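Just so you know, we're using this note's numbering here: the sequence shown kicks off at 6 and counts up by one.
All C-beta atoms in this analysis are idealised placements derived from N, C-alpha and C, irrespective of residue type, glycine included.
The structure presented is a predicted model; accordingly, all values stated were derived computationally and were not measured.
The next block holds one structure in the form of structure tokens; read it before the comments.
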Amino acid sequence: MLRLTRTTNLPELREIEYEEGNDSLFALSNVGPEVFVSLQRDNFISRSLARNGSFEFETFERTVAHLGGPRDLLVDVGANLGTVTIPAAARGHAKQVLAVEADQLNYRTLMANLYLNDLQDRVVAINTAAGATSGELLEFQLSPENKGDHRVKHSSEPGAFGEEAWPTYRVESTRLDDLLTREGLSERLPRSLIWIDVQGWEFQVLLGARAAVAAGAPFVIEFWPYGLQRNGMMDGLAAFLCENFTRLTVASRLRCRPSRRPGRALQRSAPASTTRTP
């Protein structure tokens, strides 16, 4: 059993417990303004947290500035360890957060980070895979080195990363629209930001978020051609964006000033953003 404790600025002690598994070797990162539990066997996101105290959060901050300031709701799909969720909530970029993470170990670590930063009352974290339908059992692949590269398995063909041989387990899917309705958050969509980073599964998440699209929520999606093509979803995503949005903006290159016409969808990691005026 691993127990992590941290004293907050309140006169109380926060603590979280884990049962350690074979790859559950944790480290505590206190480099930046937030504190994170990270995974020692993760060579990417956790390494950035240990060195810098953050992971590519600048793109998120530029996006919020582009949209005109803090959001009533952030929906973080593919929340991982909380690298967007936690600073967004802690620094006032979002009043409330719905964090969705499919992997069990990443989800448990996310929960630890919420408590260590005293954000458990402002963030609802759900352990599920967002998808086009609810209740479907998806085969989920685990990257051995990059805990941010876990993904839904859609092909068994040999891949550039040897992913056909990665271990898998089953994860149940849930439509994003269903999650928002269940948590009573749908009314916040006009002043929200939906942030999606799911390694080539973005099209399926959008198919399960049609009500959120119709409500005018801005979307940021990672655009990763390799993952989308491997899943056979590049054309479907392009058609969906053309049908529902009218402008594409590269979020990683946004200027930090409000847009005259806030975007309906943004895109990250080759980050671009797509928008449509209601």
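Asked, Found
"G37, buried or exposed, once every other Cβ within 10 Å from all chains shown has been counted against 16", "exposed"
"Environment of P223 [buried if 16+ CB atoms lie within 10 Å]", "buried"
"Beta-carbon proximity list for D202, same chain, < 6 Å, skipping 5 on both sides", "G83, E227"
"Boundaries of the alpha helix (DSSP H) in which A219 is found, first to last residue", "215–219"
"Residue environment, Y231, which counts as buried when at least 16 other CB atoms sit within 10 Å", "exposed"
"Any 3 or more C-beta pairs closer than 8 Å across the stretch 232–246 and the stretch 155–171", "yes"
"Under 9 Å between C-beta atoms of T90 and L121", "no"
"Pairwise C-alpha distance: R67 and T254", "12 Å"
"Spatial distance of V218 from L78 (CA atoms)", "14 Å"
"Collapsed DSSP secondary structure at A135 in the structure displayed", "strand"
"At least three beta-carbon pairs within less than 8 Å, the stretch 94–103 to the stretch 166–179", "no"
"Residue burial classification, D28 (beta-carbon count within 10 angstroms, cutoff 16)", "Confidence in D28 is poor, its pLDDT being 44 and thus under 50, which makes the residue's placement unreliable; the coordinate value appears in the next sentence. Per the 10 Å Cβ criterion, exposed."
"Three-pair Cβ contact test at 8 Å for the stretch 126–146 versus the stretch 160–167", "no"
"Pick from T88, R252, Q45 that is closest to T64, judged by C-alpha positions", "T88"
"Among L115, R76, D81, the one whose alpha carbon lies nearest that of H98", "R76"
"Beta-bridge pairing of I50 - partner residues as DSSP gives them", "In DSSP, I50 forms no bridge with anything."
"Residue range of the unbroken beta strand (DSSP E) whose run includes G76", "Just to set this straight, residue 76 is Arg in the shown sequence, not Gly. 76–82 is the span of the beta strand (DSSP E), which, as asked, contains R76."
"7 Å Cβ shell around V128 - same chain, five flanking residues per side excluded", "T90, A94, V102, A104, L119"
"Inter-residue Cα distance where the pair is H71 and S197", "13 Å"
"Cα-Cα separation, A256 to L181", "22 Å"
"Inter-residue spacing [alpha-carbon to alpha-carbon] between A137 and R52", "32 Å"
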